[in-house]
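I have placed the structure first, in the form of structure tokens, so that the comments after it can refer back to it.
In this note's numbering, the protein residues as written are 8 to 577.
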């Protein structure tokens, strides 16, 4: 009863109390979000699917790395030239591309963006890690739109990765060009933070409050922020004068049909389903499997379209290797055997998810290491591994003596984002299995922002979260390299051997070499077990059947809202 009343009150607050026509508004597309954004700072666009989706509508990258690589802000795909140790990647920005003030997007804006991603004092650790292969940018003296990235190494990945970050306007925050005047090598030096140009720019960037006010750093994408009411909705307005409209025979990536996009923030799944049934939502992406099946069997199936695609998003369990009791791999291997993955897939995903031996999705052939076994659910194996790790079982639990330190007692916390039944089920299952072995486990559900802060600060023992892969990109440094334990490497993992393998993989020059190293990486990850994949998700989507152009994709968020429009005759 309490849950029903909560849902009813939320519907009233959203204006969902009255019935409406089943025909969508042709000018406004309404989409369900389960959670609010934390930020719209373009330096932090990798943090969540909602942030990434919004940033991609406000800003444009040089390339769109979807299921295939296509030009976006670039006029065409880049040309590539190699020397013994360097890769030269040359782009030209589309001649129609302009900022909101009418000025053209130039190579200087690309250089400015690179400088921002490497500027000390800003929250750019993840971006810096992902694009540190770019050594410098060279301008073309005869064409202000043409430039060349000089990249360290000869990896084929550089071709697509080099164009995969949002380009920012220099005029908005650094009209004098003082930051871009500094070389990337200078910005990456330890003493760069003390440079006057750097300190002044950091003050301007922080003062712009881009986390809530992206208009202070306008993008060249088709939309601008219209309204954002925390916890309720975020709306985007299509720009009346957008450069993409000038491109004849524009590709899908440059199409933007809805005049307005509204993301309704509805955390409760039952309330969101009711909103969809009442025609107050046009698209419900990442629909929970149970609701997907129920809706397909309901009367609403007459006016809804249903889609299910495989994805590269995985639910994983991570172990904080900085904790003394989790520092050794045998203990982590033992604990990974306390998850009954087939039962989780059946119970929380209605059998629609699928297993993997590691962080590479099974459909990513030929990189998937099919010679490795699935990690089994096995209490006996867990017991054997714990004993091999030096743990001894007593009446009061598991203990391990350590030289020169206090005796360790195996008791754990498991952290996860509250409000997600899949995480809660996995945490409860882990606690139950651990209790059978007399290992105390305390559940630590937390709201998203608090949960992320816990991960960044290394406050969790065991944690459940999701990661997203890419079928063409294999730079694992931000997630697992020891250099980034204070950034995206939440497990704190990193050894000289693993760091070397990650570096070799990022620099691999041929597909054959890359395949070999990716498979070796999967084997190493299974042996070390700093983070273990439970299963890969499928993306279920329900949408009003009168809509077309969802452009479904296995990559987050699983669809393209800017290409959605009414079917002809609707």
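All C-beta atoms, glycine included, are put in the ideal place defined by N, C-alpha and C. Note that the structure is a prediction, hence the values are computed from the model and not measured.
- If you ignore the 5 residues before and after residue 535, its C-beta comes within less than 6 Å of the C-beta of 336, all in its own chain and listed in chain order.
- As computed with DSSP, residue 73 is found in no beta bridge at all.
- Of 444, 73 and 101, the smallest CA-CA separation from residue 81 is found for 101.
- Going by DSSP, residue 324 is part of the beta strand (DSSP E) stretching over 311-326.
- Note that the C-beta distance between residue 177 and residue 187 is below 8 Å.
- The straight-line gap separating the alpha-carbon atoms of residue 157 and residue 267 is approximately 40 Å.
- For residue 500, the closest C-alpha among the options 339, 557, 358 and 575 is that of 339.
- Between residue 144 and residue 168 a beta carbon distance of about 15 Å is seen, past the 8 Å cut, so the two are scored as non-contacting.
- Excluding five sequence positions before and after residue 128, the CB atoms of its chain that fall closer than 8 Å to its own CB belong to 200, 205, 206 and 209, given in chain order.
- Taking the CA atoms as reference points, residue 180 sits about 7 Å from residue 212.
- A residue is called buried once 16 or more other Cβ atoms fall within 10 Å of its Cβ, and residue 435, having fewer, is exposed.
- Assignment of residue 235 by DSSP, reduced to helix, strand and coil, places it in the strand class.
- Of the candidates 116, 559, 185 and 195, 195 places its Cα closest to the Cα of residue 142.
- Taken in chain order, the unbroken stretches of beta strand (DSSP E) that lie wholly in the stretch 50-126 and span 3 residues or more are 70-72, 76-78, 86-89 and 93-99.
- Under the Cβ criterion (8 Å, minimum of three pairs), the stretch 257-273 counts as touching the stretch 231-241.
- Out of 481, 415, 75 and 98, the CA that lies nearest to the CA of residue 560 is found in 75.
- Pairing residue 70 with residue 63, the inter-Cα distance amounts to about 11 Å.
- Check the Cα spacing between residue 36 and each of 83, 131, 113 and 283: the tightest is with 283.
- Where residue 529 is concerned, the enclosing alpha helix (DSSP H) starts and stops at 518-535.
- Within the same chain, and ignoring the five residues on either side of residue 476 in sequence, the residues whose Cβ sits closer than 8 Å to its Cβ are 319, 320, 321, 366, 367, 368 and 371.
- Between the C-alpha atoms of residue 465 and residue 255 there is a straight-line separation of about 51 Å.
- Sixteen is the threshold: since fewer than 16 other Cβ atoms of the shown chains lie within 10 Å of the Cβ of residue 576, the residue is exposed.
- Around the beta carbon of residue 110, fewer than 16 other beta carbons sit within 10 angstroms, so the residue counts as exposed.
- When secondary structure is reduced to three states using DSSP, residue 45 falls in the coil class, being assigned neither helix nor strand.
- Residue 310 places its beta carbon 8 Å or farther from that of residue 104.
- Around the CB of residue 451, 16 or more other CB atoms lie within 10 Å, so the residue is classed as buried.
- In the structure shown, residue 397 adopts coil according to DSSP, grouped into three states.
- Between residue 292 and residue 263, the gap from beta carbon to beta carbon reaches 8 Å or more.
- Spatial neighbours of residue 299 in its own chain (CB-CB distance under 6 Å, excluding positions within 5 residues in sequence) are listed in chain order as 547.
- Residue pairing for residue 155: DSSP places it in a beta bridge opposite 97 and 145.
- Separation of residue 98 and residue 306 (C-alpha to C-alpha, rounded to the nearest whole angstrom) is 52 Å.
- Residue 467 holds the alpha-carbon nearest to the alpha-carbon of residue 329 among 172, 467 and 163.
- In the three-state scheme derived from DSSP, where H, G and I count as helix and E and B as strand, residue 352 is classed as helix.
- By the Cβ test, the stretch 130-138 is in contact with the stretch 44-60, since at least three Cβ pairs between them sit closer than 8 Å.
- DSSP, reduced to helix, strand and coil, places residue 223 within a helical segment of the structure shown.
- The beta carbons of residue 512 and residue 483 sit closer together than 8 Å.
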